[in-house]
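Q: Chains A and B, in that order, give the protein sequences. In terms of our numbering, the first sequence opens at residue 64 and continues consecutively. In terms of our numbering, the second sequence opens at residue 64 and continues consecutively. Even for Gly, the Cβ is constructed at its ideal location relative to N, Cα and C.
Protein chains: 2
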Amino acid sequence: MKQEIVEEIKGIVGKDGYSTDIADLYVYGFDASIHHKTPDIVVRPTTTEQVSAIVTLANRTLTPIVPRGAGTAMCGHAVPLKGGIVLDLTAMNKITEMRVEDLYCVAEPGVIYDQLNGELSKRGFWFPTTPGSAEACTIGGMVATNASGMRAIKYGATRDYVLGLEVVLPTGEIIHTGTRTLKNSSGYQLDRLMVGSEGTLGVITSVTLRFAVKPEASAMTIAAFNSLVDAGRCVSNIIAKPLLPSAIELMDSVTIKAVNKCMNVGLPDCEAICMIEVDGHPAAVEDEMKIVEEIARKSGAFSTEASADKKKINEWTQARKAILPSLSRYGENYVSVALADDMSVPISKIPEAVGAFQRIAEENGVIVGTYGHAADGNLHTKMLVEPHSEESWKAGERAVGQIYDKVLELGGTVTGEHGVAITKAPYMQKERADSLDAMKAIKKALDPNGIMNPGKIFDWEGSIISHLRYPAFCDDRCGGCQKS
Amino acid sequence: MKQEIVEEIKGIVGKDGYSTDIADLYVYGFDASIHHKTPDIVVRPTTTEQVSAIVTLANRTLTPIVPRGAGTAMCGHAVPLKGGIVLDLTAMNKITEMRVEDLYCVAEPGVIYDQLNGELSKRGFWFPTTPGSAEACTIGGMVATNASGMRAIKYGATRDYVLGLEVVLPTGEIIHTGTRTLKNSSGYQLDRLMVGSEGTLGVITSVTLRFAVKPEASAMTIAAFNSLVDAGRCVSNIIAKPLLPSAIELMDSVTIKAVNKCMNVGLPDCEAICMIEVDGHPAAVEDEMKIVEEIARKSGAFSTEASADKKKINEWTQARKAILPSLSRYGENYVSVALADDMSVPISKIPEAVGAFQRIAEENGVIVGTYGHAADGNLHTKMLVEPHSEESWKAGERAVGQIYDKVLELGGTVTGEHGVAITKAPYMQKERADSLDAMKAIKKALDPNGIMNPGKIFDWEGSIISHLRYPAFCDDRCGGCQKS
């Protein structure tokens, strides 16, 4: 990066607002994905005006720029593939309005999900999307990826809560989309276009969010099955009843074993379990718990355990949250990596999907832990990879391709809540083949110089196992990666 | 229109699929707005392929084309301002998939809201947005305008239910956006961009919608007030409790008088009433009814009447639905017209907004009936105009401008659920001043020849009281209208 650009950046954010220290740059080359690439500079703006000045500079000098929240993205969203600027937005972390009587609040992009919910909770409200990274992820990142989590079945995804945004466009202009009202039909819904645009259409500098009334009561039922397919069937039987749970989490035998090994919760050691949560008025919760138990039994559960005890529910929820780290301890030589990890299928297709994933894993000689927010058809198939073995990565990549082909055949999507970035790009390009040109036309219209988070989504080419964070192996067909 | 274009259209849709009959063309020049303009041809396609062929032809020959559902739009969406083709989509009216176990269905754009809800209702589900024109409006039109209605406070607007779309782009290409899954983060959320784009970005030929579980029970409370401002305060007190009603309808004294004159429901003759609906589990409904009554009393209601009786609720709901026609019979020389008719303000600003609307009406010597979906801050100020008096129209237009200025000052939007088209265009351009260029850039990227529903939203110039359907008066500063 030219020294005059660094100097200009220093002029905008001051000497404490940026870093070109090699250790900082190395760290900011990671997110929670398998990828890595070192940026040229990290900038930490504190105001929208600073963001606008930095983006204007980037646009003028054709410098790539990548907005970054907490770096919890699983697919390489925050990895600066083409170098340039990483724009760390975590210093913009204030809740600037809290209007419970109007059902909305306004937050800067660096506000953390749990921080916001802490404030809402005091007032009887919540932002219920519940991402897995709730303790760390930022509201800006959630908007950029249309993040959600286990409660999307009842409460929707981030897109359903965004009322308005302040965005710095790739040309540096500041725009305001949406409103502070609960609905609007006033021109193109640009806020909804920005949701899920993964930092390629601008930098989100303020988010107006509606929120929901916190349910009075909740309860959880653990149903244990001798067949993963039966567990999948239980999910769609509950929905079709009709009964709308606040969450159903599915775990397969690999996942259960991994969690039981690491946590002391004693999940039933079986082929699959469903954790079914219902919430609402206490009387509704009581009625629905009974119905859930009955449906689970009829769907083949050999045991069910229900509880409305907060401590017990928390224990089970913690077990669910521990899946990801637990899987990494499954075998000595393995790490659990984010490959093929958040496809979504129509709910009734879960049994067929999970059955196929098991077969594909076996055929490719890879270990897969399947779990996920089954109530809305969102599955996670975390792959266990030997990070230093080229063969292991290649087998994983083969399995990923087959898994996604099956998902698309079943009418599903390759990503329900994590986004595309790098790791899902080739598969998303298959899924969205007929609308890629429209996406590219919009990108070109708003970012004519292609400076915002370049090289990803529709612009990605090559294998997903390149630009790897694991030094011992990288398929560098597309060049780049930390070795280069 | 050149005869060879007509011949080509005949080749695509057959001789029964179009009309150039002068009576047909005259009729298709209207929607539910104050505007009128006669098209050159009306085309009624029955398949996506036909739509694609017609749009391709329009794009090649630079012929304006306006998609049309039931024509219930209040702001001139379906009025073919620049002549050309009106594309009547009501013959594409099949529900093509009904997947209750997957919580989604797929409908052609001409499916009517009540028709869809009839099918869902049999299975225990509903699409709860509840537009005022439920009996007539089409799903395609609802998507195009991000329509909603009295239940948006609890259940959201159309945008919150669209999972995916099939769209014929302005170039004739057919694309598929979104998914058949309840959530997705797979590339730009083009479906959400298409929602509310008012036929300017393409023709919607299929809609994938999620739906909700129908509540077991509901109840309604009528609270009567001696002050419109107190009634407004009651609304935000309920929300801040926190208590999420399924609807709160507000009616001012003009509206109450008009309805009591036309319907035999005996609404309390007072300054304002709130109709508060709660729904859900029977126990929740019972609890919430009590809380609602208590809050209404504390907010100044001099009487409350509550009922869980379906017949009674239906009677009250019918009274609410009768407002629009009733207002037209308010005075002998007046018609109620869609001017300034669906602004939305933050809920807590309702008292200030309705007070200001009353003052503005008085100052301009116009009669305004204020009512609306107050729970989400969405107000309707139907103006009573003497249609043959230039002075009356001018006074109305002056009042509209002042009303919208107040709405924007309060942090509101000029349209909560109807859309922009013509009648809201100048005010929306004020509201969205800093993002108009971004909207235009997207429009240009997807519709380079500007054939889709031209001359509206950001492209509208001039006064809203032009192209009027009322022959005795038209401000034709911008040319056009049926007289030209």
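(1) At 3 residues or longer, and completely inside the region 419-446 of chain B: list those beta strand (DSSP E) runs for me, N to C.
(2) Examine chain A for any beta-carbon lying closer than 9 Å to the beta-carbon of B/M502, and answer yes or no.
(3) In this structure, what does DSSP give as the bridge partners for A/E312?
(4) For A/H239 and chain B, any beta-carbon pair shorter than 9 Å?
(5) Run through chain E and tell me which residues come within less than 7 Å of B/N209, C-beta to C-beta.
(6) Does DSSP put A/L531 in a helix, a strand or coil?
(7) Tell me the DSSP bridge mates of A/D151?
(8) Can you find the residues in the same chain that come closer than 6 Å, C-beta to C-beta, to A/Q113, ignoring five residues on each side of it along the sequence?
(9) Count the other C-beta atoms from every protein chain shown that fall within 10 angstroms of the C-beta of A/A86, then say buried if there are 16 or more, exposed otherwise.
(10) According to the neighbour-count rule (16 or more other Cβ atoms, all chains shown, within 10 Å of its Cβ), is B/I528 buried or exposed?
(11) With a cut-off of 8 Å, do at least 3 Cβ pairs link the region 406-413 of chain A to the region 238-257 of chain B?
(12) Using only the alpha-carbon positions, how far apart do B/E229 and B/I505 sit?
(13) Is the region 164-171 of chain A close to the region 144-151 of chain A, with three or more CB pairs under 8 Å?
(14) Express the C-alpha separation of B/Y393 and A/A220 in angstroms, rounding to a whole number.
(15) If you run the structure through DSSP and keep just helix, strand and coil, what is A/S547?
(16) Can you list the residues of chain A that B/G482 reaches, using a CB-CB cut of under 7 Å?
(17) Determine the contact status of B/V561 and B/V429, defining contact as a CB-CB distance below 9 Å.
(18) Check distances from the C-beta atoms of the region 514-533 of chain A to those of chain B and list, in chain order, the residues that come in under 9 Å.
(19) I need the DSSP call for A/C297, collapsed to helix, strand or coil.
(20) Using three-state DSSP, classify A/T234 as helix, strand or coil.
(21) Under 8 Å by Cβ, that's how I've got B/I376 and B/C297 pegged, so tell me the actual separation to the nearest angstrom.
(22) For B/F188, go through chain A and note every residue whose CB falls closer than 7 Å to its CB, in chain order.
(23) What are the start and end residues of each continuous beta strand (DSSP E) run of 3 or more residues lying completely inside the region 368-410 of chain B, in chain order?
(24) Could you tell me which residues DSSP pairs with A/W456 in its beta bridges?
(25) With A/P308 and A/I339 assumed to form a contact (beta carbons below 8 Å), what rounded beta-carbon distance in angstroms separates them?
(26) Hey, is B/R131's beta-carbon within less than 9 Å of any beta-carbon in chain A?
(27) Where do the ends of the beta strand (DSSP E) carrying B/T271 lie?
(28) Let me know if A/G181 comes out buried or exposed under the rule of 16 or more other beta-carbons within 10 Å of its beta-carbon.
(29) Run down chain A in chain order and give the residues with a C-beta less than 7 Å from the C-beta of B/L272.
(30) Quick check on the DSSP output: the beta strand (DSSP E) that includes B/E24 runs from which residue to which?
(31) Of all the options A/P194, A/V276, A/D510, which has the alpha carbon lying nearest to the alpha carbon of A/L183?
(32) Examine chain B for any beta-carbon lying closer than 9 Å to the beta-carbon of A/M64, and answer yes or no.
(33) Roughly how many whole angstroms lie between the Cα atoms of A/H481 and A/D94?
(34) Is A/T111 helix, strand or coil when you go by DSSP?
(35) B/I237 and B/Y533: beta carbons closer than 9 Å?
(36) Given that a residue counts as buried once 16 or more other Cβ atoms are within 10 Å of its Cβ, and exposed if not, what is B/S366?
A: Well, looking at it:
(1) 430-436
(2) yes
(3) A/M338, A/H436
(4) yes
(5) The chain inventory of the structure shown lacks chain E, comprising the protein chains A and B.
(6) strand
(7) A/R131
(8) I75, V76
(9) exposed
(10) buried
(11) yes
(12) 19 Å
(13) no
(14) 45 Å
(15) Unreliable positioning characterises A/S547 in this predicted model, as indicated by a pLDDT of 38, which lies under 50. The coordinate reading is nonetheless provided below. Here A/S547 sits in coil by DSSP.
(16) S248
(17) The first residue shown for chain B is 64 and the last is 547, placing residue 561 of chain B beyond what the model contains.
(18) I520, F521
(19) helix
(20) coil
(21) With a Cβ gap of about 19 Å, B/I376 and B/C297 do not count as contacting.
(22) P305
(23) 398-400
(24) Looking at the DSSP assignment, A/W456 forms no beta bridge with any residue, so it has no partner.
(25) 5 Å
(26) no
(27) 266-273
(28) exposed
(29) Under the 7 Å cutoff, chain A gives no residues; its nearest Cβ is about 14 Å from B/L272.
(30) Beyond the ends of chain B as shown, which are 64 and 547, falls residue 24 of chain B; an answer cannot be given.
(31) A/V276
(32) no
(33) 13 Å
(34) helix
(35) no
(36) exposed
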